[in-house]
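Enquirer: Heads up: the protein sequence lines correspond to chains H and F, in order.
The opening residue of the first sequence carries number 383 in my numbering; numbering runs sequentially from there.
The opening residue of the second sequence carries number 2 in my numbering; numbering runs sequentially from there.
Shown below is the structure under consideration.
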Amino acid sequence: MAENQKQNGNSKRGPRRRPAFQMRINTKYAPRKVADGQALSCITGSSLTDRQMLDLYRYLKLTRLVEERIVNLYRQTKVVGGVYRSLGQEATAVGSAYALRPDDFITPIIRDLGACFVKGIRPREIFAQYMAKAWGPSGGKDLNVHFGYMEKGFIGPISHLGDMIPVMTGILLGARLQKKDIVGLAYIGDGGASTGAFYEGMNFAAVQKLPLIVIAEHNQYAYSTPTNMQTAVRNLAEKAAAFGISGYIVDGNDVIACYEVTKQAVDYARSGRGAVLIEAKTYRRKGHAEHDDQRYVPDGEIDWWEKHNDPVDRFERFLLDKKIATKEKLDEITADAQREIDEDSEWAESSPMPEAEGAVYGVFDNSIVPPAFRPKVLEN
Amino acid sequence: MATAAKKLSKLERPPRGGQATIVEAIRQGLWEEMERDGTVFLIGEDVGVYGGAFKVTEGLIDHFGKERVIDTPIAEAAIVGAACGAALMGLKPVAEFQFIDFISCGFDMLTNYAAKSRYRWGGSIPAVFRGPCGSGVRSGPFHSLNAESFFLNTAGLKIVEPSTAYDAKGLIKAAIRDPDPVLYFEHKKLYRLPRLREELPEDDYIVEIGKARIAREGRDVSIITFGAQVLTALDAAEELEKEGLDVEVIDLRTLAPMDKEAILSSVKKTSRALILHEASLTGGIGGEISAIISQEAFEWLDAPVLRVASIDTPVPYSPPLEDYYLPQVKDVLDAARKLAAY
């Protein structure tokens, strides 16, 4: 019977020879142990210029400080909804997005605020979104990073984790039909990587050899659920085997490593070799949202990461040790970021709330279908 | 070998217009739109070489290539999501569900992504999601669905379902040209029904989304329906004519946004309304139409609004069971007579 015929690669009469799939996980940029007593820094040998490194530093600080400002606004009850932090994992978003061209696309998840800034989103837009203001890019119709700018290559996520993987696959499919050589970078978490949409989207992108790069941010918790309750794989990068694509593991708290690994993946994808899955090992130091008391986290865990593996501290140490910048220079960059935040936060606060009746517009193209006004009841 | 066989079966370009069944009309529409607009492309399971489970897309891959007729894995979330992404890029995807029953696997992407994108941030999604719906063909609980009411309560999705070849072609073209997501339901029982074969115009035309049609004019009772049940209604109307009852049949064609004016003006004329649909009664579109009529045409009514629909069960497989499940001409006759006598 045909199915019993051996189809091994040595048989000359076998159909088409295809090498057996080999699980390949590139660990060149994976977290490394350092000698006792030695503090973590960043990898050396990067192609980034000093100016670019300082650029990265500014994005890291901007992300952290914008989030701190949002927390302040939240405590003043000026933020209408929840606040989601990326504290302790900012390097993954910033480093990876920095490896893209301006015409490439990203779709972040809620903990990738830094990637939004790299793609040209301004803090004022984020503040206005959180405060549900009229001047926010969604005009008060949606929250936080849930908006998009096609011209900036930025597509905000929706709350349904995993859904943006198929959408980004479609962006790339469309781009291919339009003969554009862009790549797409989609972020997902250790929780989101359990969804069906994640698998369907990645599988389709892999089959179509689309230049999709998915960064799976392994920050240890999905809301309160630890990764061992989420998946039986030890490394999320192992999931690449399910799609027949390459997997990478990167130290998500090393901004330079995140840049380098993504750069490598971008070059690979852009050259037509297909999709890539990158797992970034990191840690979520805040709860799922501001209200979360993190009772599910073992004592001392957060402190350890704060003290020993903070991405901003690590990069600062690197920049100072390598004499790329002085402390004064870094303070100056921070102060400059702070100035932008003050100005933007003020701008967003000065925005009016949206007009209530604005709710009726934009379900459909209103030049074709009228706005969704509330029907008048029993009117003659 | 395989290629030679394929070459032989390669289909000619369908004629513009001429005699056509519904399946031919849809294929003509797809073909013409793909010719007219290079951004239109097809995506779905087995839509390429195989031509789709019902052969709606047959021959298109030979003519337009696999770049524009894309076979996918069995992954409806990926199909819908990818259509959304490509639509955001300015393309016009036409995604196929092999059976509309499988729309449930893409439900999240449709209701949360496609439907809300424009409202949330202005990201318009000019995509069409089409596939065979409907029962009466002995296909059992998983290949017989009428899915409209699942989506009626989601703002942001247009829903159309033709019951003639002319409308099938005009609506698929309108759906492709529409700047918003359109669910295009094709009743599989009507695909090749000889009764529905008709002469289509040679010239380019569309059927405007949002407009019902009067399938039969009458003065005494309005039957408001769509899809395959239009035929049930017309058959019943002919019977009733013999009894001196002049029935008007409204074919909705578009279910969302619904043509309220057409419904109300018919009911204001006849003062009696019967809503007929193939999905189960409870939570079906009939409830919505009934509410519109009682709220906006109450003074014109001479009788309560009646609904005839399938019973509240899954669609059973065996012919006696399925026939019992479905609304039959007799059910329509009974209801119409009751209305007339009220």
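Built from N, CA and C at the ideal position, the CB exists for glycine as well.
Skipping 5 residues on each side, what residues in its chain have a beta carbon closer than 6 angstroms to that of VAL129/F?
Expert: VAL95, ALA176, ILE177, VAL183, TYR185
Enquirer: Assign MET735/H to one of two classes, buried (16 or more other C-beta atoms within 10 Å of its C-beta) or exposed (fewer than that).
Expert: exposed
Enquirer: Residues in its own chain within less than 7 angstroms of SER576/H by CB, not counting five upstream and five downstream?
Expert: GLN612, THR613
Enquirer: Where LEU253/F and VAL648/H are concerned, what is the direct C-alpha to C-alpha distance, given to the nearest angstrom?
Expert: 50 angstroms
Enquirer: Assign LEU701/H to one of three DSSP states: helix, strand, or coil.
Expert: helix
Enquirer: ARG121/F touches chain H at which residues, Cβ-Cβ below 9 angstroms?
Expert: SER520, LYS523, ASP524, HIS528, PHE529, GLY530, GLY538, ILE540, GLY744
Enquirer: Tell me the rounded alpha-carbon separation between ARG506/H and ALA304/F.
Expert: 59 angstroms
Enquirer: Spell out the partners DSSP gives PHE186/F in its beta bridges.
Expert: GLY132/F
Enquirer: Would ARG196/F be called buried (16 or more neighbouring beta carbons within 10 Å of its own) or exposed?
Expert: exposed
Enquirer: Since ARG451/H and ILE684/H should fall inside the 8 angstroms C-beta cutoff, what is the C-beta to C-beta distance between them, to a whole number of angstroms?
Expert: Not quite, the Cβ-Cβ distance comes to about 22 angstroms (not below 8 angstroms), so this is no contact.
Enquirer: Could you check where the alpha helix (DSSP H) with VAL416/H kicks off and where it finishes?
Expert: VAL416/H -> no alpha helix (DSSP H), and no H or E assigned at all.
Enquirer: Within 10 angstroms of the Cβ of PRO16/F, are there 16 or more other Cβ atoms? Answer buried if so, exposed if not.
Expert: Burial call: exposed.
Enquirer: With respect to the alpha helix (DSSP H) encompassing SER295/F, which residues constitute its N-terminal and C-terminal limits?
Expert: 286-297
Enquirer: Can the beta-carbon of GLY556/H be found closer than 7 angstroms to that of MET110/F?
Expert: no
Enquirer: GLY583/H to ASN635/H, Cα distance in whole Å?
Expert: The straight-line gap from Cα to Cα measures roughly 27 angstroms.
Enquirer: Are VAL465/H and VAL453/H touching if we call contact CB-CB under 7 angstroms?
Expert: Contact flag set, yes.
Enquirer: Straight-line CA distance for ALA754/H to GLY744/H?
Expert: 9 angstroms
Enquirer: Relative to the C-alpha of THR445/H, which candidate in ASN526/H, GLY496/H, ASP681/H, ASP747/H has its C-alpha closest?
Expert: Comparing alpha carbon positions, the residue from ASN526/H, GLY496/H, ASP681/H, ASP747/H closest to THR445/H is GLY496/H.
Enquirer: So, at 7 angstroms on beta carbons, what are the nonlocal neighbours of ILE80/F in its own chain, with the 5 sequence-adjacent residues on each side left out?
Expert: ILE44, GLY45, THR73, ALA96, GLY107
Enquirer: So the beta strand (DSSP E) TYR600/H belongs to, where does it begin and stop?
Expert: Here the sequence assigns His to residue 600/H, which means Tyr is not the residue at that position. HIS600/H -> beta strand (DSSP E) spans 594-600.
Enquirer: Are any of the Cβ atoms in chain F nearer than 7 angstroms to that of ILE488/H?
Expert: no
Enquirer: Apart from the five residues on each side of it in sequence, which residues of its chain come closer than 8 angstroms, Cβ to Cβ, to GLY19/F?
Expert: GLU200, LEU201, GLU203
Enquirer: Can you tell which of PHE509/H, PRO548/H, LYS561/H has the C-alpha that lies nearest to the C-alpha of TYR569/H?
Expert: The residue with the shortest Cα to Cα distance from TYR569/H is PRO548/H.
Enquirer: In the DSSP assignment, the beta strand (DSSP E) including GLN612/H goes from what residue to what residue?
Expert: For GLN612/H, no beta strand (DSSP E) run applies, since DSSP gives it neither H nor E.
Enquirer: Going by DSSP, what residue range makes up the alpha helix (DSSP H) through PRO752/H?
Expert: That residue, PRO752/H, is in no alpha helix (DSSP H); it is neither H nor E in DSSP.
Enquirer: Roughly how many angstroms lie between the CA atoms of LEU283/F and SER319/F, to the nearest whole one?
Expert: The amino acid at residue 283/F is misidentified as Leu; the sequence shows Thr. Those two C-alpha atoms are separated by around 23 angstroms.
Enquirer: What residues of chain H sit near ASP109/F, judged by a beta carbon separation below 8 angstroms?
Expert: HIS542, ASP545, ALA579
Enquirer: For VAL95/F, which of helix, strand or coil comes out of DSSP?
Expert: Taken through DSSP and simplified to helix, strand or coil, VAL95/F comes out as strand.
Enquirer: So GLU620/H and ILE407/H are supposed to be a Cβ contact under 8 angstroms. How far apart are they, rounded?
Expert: The Cβ separation is near 7 angstroms, so the contact holds.
Enquirer: What does GLN560/H touch in chain F if you count any residue whose Cβ is under 7 angstroms from its own?
Expert: MET90
Enquirer: Can you find the residues in the same chain that come closer than 6 angstroms, C-beta to C-beta, to TYR114/F, ignoring five residues on each side of it along the sequence?
Expert: Residues CYS85 of the same chain have their beta carbon placed closer than 6 angstroms to that of TYR114/F, with the five preceding and five following residues left out of the count.
Enquirer: Can you look up THR271/F in the DSSP assignment and give me helix, strand or coil?
Expert: helix
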